[in-house]
Amino acid sequence: MNLAIACGSGSRRLASAVAARLGANGVVGEVERFPDGELRPSVPELRGVDVFVVASTGPPANDHIVELLLLIDACRRAGADRVTAVVPYLAYARQDRRNGVGQAIGARVVATALGSSGADRLVAVDPHNLALEAAFGIPVEMLSAVSALSDSLLPEAAPDAVVVAPDFGAAKLAERYGALLGLPVVVVRKSRVSGSSVRAKGLVGEVEGRHAVIVDDMISTGATIASTVELLLADGALPGMVVAATHGLFVGGAVTRLAELPLRRVLVTDSLELSEVVGLPLEVTSIVPLLAEAIRRLHQGEPLEALLAKT
Ligand code: R5P
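In this note's numbering, the protein residues as written are 1296 to 1606.
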């Protein structure tokens, strides 16, 4: 079976780099936007092809999700034998439960829509919650960029350093970094006030006189990082903190907010295009090798185990 890489409008650079690494013949997929906002993706005939649709669903999340669903349907109708949605950043993953009466479970709705659009399988990278798999009726492969990011963090692995999880949800992720860097883990007790405001209430662990490496699945508005840094400084941690997150959304004033903090390095991956992020000590680790290797193994029916996020 031949392989093809299709892509959405928000991930063209990433998809092209993955295709080039795989030696594939470029990427397929065009998206036309109608004056009323409707999207119409199109692909060439893909009869009998094993198609991987590479499409992160970063901002504007709703447009990118609809575009992904339509692209998958287009691939199916173009005769694809198998369609794998490769969605490095999966929007709505944070809405994995209701926090109050009358709310939706956004992650479940997106999972159902992806399954019914015709995708045979989903590949995501460090989604907010690994248990999210249970919301999907199709197989889900959760890759991890932790080991690639940890390689860039090795110079931080000093005896006086700690890995900091900015909330309990990030504790397992922090343990994975801690294990790879040989550092202890400290966890922040955080509560979310709104989509752009959080409160760090206290710490489980010791940070006085220590260098902190704050790790998270994503930076959105930067509010979580800002309140974590504030708490760490108040508890005696050293300034010049390092932040590592798989997905850099940088929305809602994040760049200004983070630029005011005593951060020495901010590490993210290229799961999302980062054209407007200036003024931060930003370093980008590419997930192109990870995605290309996962696609190669899936296409050839080889085990993925070594690339997967560990629970
Ligand atoms: C939430 O639980 C996530 O793991 C991140 O900590 C959060 O989504 C980051 O968002 P923001 O940058 O807006 O605080």
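Ideal placement from N, C-alpha and C gives every residue a C-beta, glycine not left out.
If you're wondering where the values come from, they're calculated on a predicted model, not measured in any experiment.
Does DSSP classify Glu1501 as helix, strand or coil?
Residue mapping note: residue 1501 aligns to position 206 of the sequence shown, counting from 1. Of the three classes helix, strand and coil, the one that applies to Glu1501 here is coil, per DSSP.
Contact between the region 1479 to 1499 and the region 1522 to 1530 is defined here as three or more beta-carbon pairs at a separation below 8 Å; is this criterion met?
yes
Could you tell me the alpha carbon to alpha carbon distance between Ile1367 and Leu1449, rounded to whole angstroms?
On the sequence shown, residue 1367 is found 72 positions in, with the first residue counted as 1. On the sequence shown, residue 1449 is found 154 positions in, with the first residue counted as 1. Distance between the alpha carbons of Ile1367 and Leu1449 is about 39 Å.
Anyone know if the C-beta pair for Glu1578 and Leu1562 falls short of 8 Å?
As a first step, residue 1578 must be located in the sequence shown, where it is residue number 283. As a first step, residue 1562 must be located in the sequence shown, where it is residue number 267. Taking 8 Å as the Cβ cut-off, Glu1578 and Leu1562 qualify as a contacting pair.
According to DSSP, is Phe1463 helix, strand or coil?
Sequence index remark: in the sequence shown, residue 1463 carries index 168 (1-based). The answer is helix: DSSP assigns Phe1463 an H, G or I state.
Is the beta carbon of Arg1560 within less than 7 Å of some heavy atom of the ligand NAP?
With respect to the ligand NAP, the structure shown offers nothing to examine, as its ligands consist of the ligand R5P.
In three-state terms, what does DSSP make of Val1441?
One-based indexing of the sequence shown puts residue 1441 at position 146. In this structure, Val1441 counts as helix in the three-state DSSP scheme.
The ligand R5P and Gly1517: does the residue's C-beta get closer than 7 Å to at least one heavy atom of that ligand?
For the purposes of this step, residue 1517 is taken as residue 222 along the sequence shown, with counting starting at 1. It does: the Cβ of Gly1517 is within 7 Å (strictly closer) of some heavy atom of the ligand R5P.
Quick check on the burial criterion: 16 or more other C-beta atoms within 10 angstroms. Buried or exposed for Met1296?
As a first step, residue 1296 is located in the sequence shown; it is residue number 1 there, counting from the start. Classification of Met1296: exposed, given that the 10 Å Cβ count is below 16.
Taking His1423 as the reference, give the member of Gly1395, Gly1464, Val1404, Asp1446 with the closest Cα.
Residue mapping note: residue 1423 aligns to position 128 of the sequence shown, counting from 1. For the residues Gly1395, Gly1464, Val1404, Asp1446, the minimum Cα distance to His1423 belongs to Gly1464.
Taking 7 Å as the cut-off, is the C-beta of His1542 nearer than that to any heavy atom in the ligand R5P?
The residue you call residue 1542 lines up with position 247 of the sequence shown. In this structure, the ligand R5P has no non-hydrogen atom nearer than 7 Å to the beta-carbon of His1542.
Nearest neighbour of Ala1440, chosen from Ile1582, Glu1600, Ser1491 [CA to CA]:
Position 145 of the sequence shown holds residue 1440. Closest by alpha carbon: Ile1582.
Measure from the alpha carbon of Pro1384 to the alpha carbon of each residue in Val1349, Ser1486, Val1572, then state which is nearest.
Mapped onto the sequence shown, residue 1384 falls at position 89. Residue identity check: residue 1384 is Tyr in the sequence provided, not Pro. Comparing Cα-Cα distances from Tyr1384 to each of Val1349, Ser1486, Val1572, the minimum goes to Val1349.
Among Asp1512, Ala1474, Arg1393, nearest to Ser1538 - alpha-carbon criterion:
Taking the sequence shown and counting its residues from 1, the one referred to as residue 1538 is at position 243. Residue 1538 is actually Val in this sequence, not Ser. With distances taken between Cα atoms, Val1538 lies closest to Asp1512.
Rounded distance between the beta-carbons of Val1546 and Pro1354, thought under 8 Å:
Along the sequence shown, read from residue 1 onward, the residue named residue 1354 stands at position 59. Along the sequence shown, read from residue 1 onward, the residue named residue 1546 stands at position 251. That belief holds up - the Cβ atoms of Pro1354 and Val1546 are roughly 6 Å apart, short of 8 Å.
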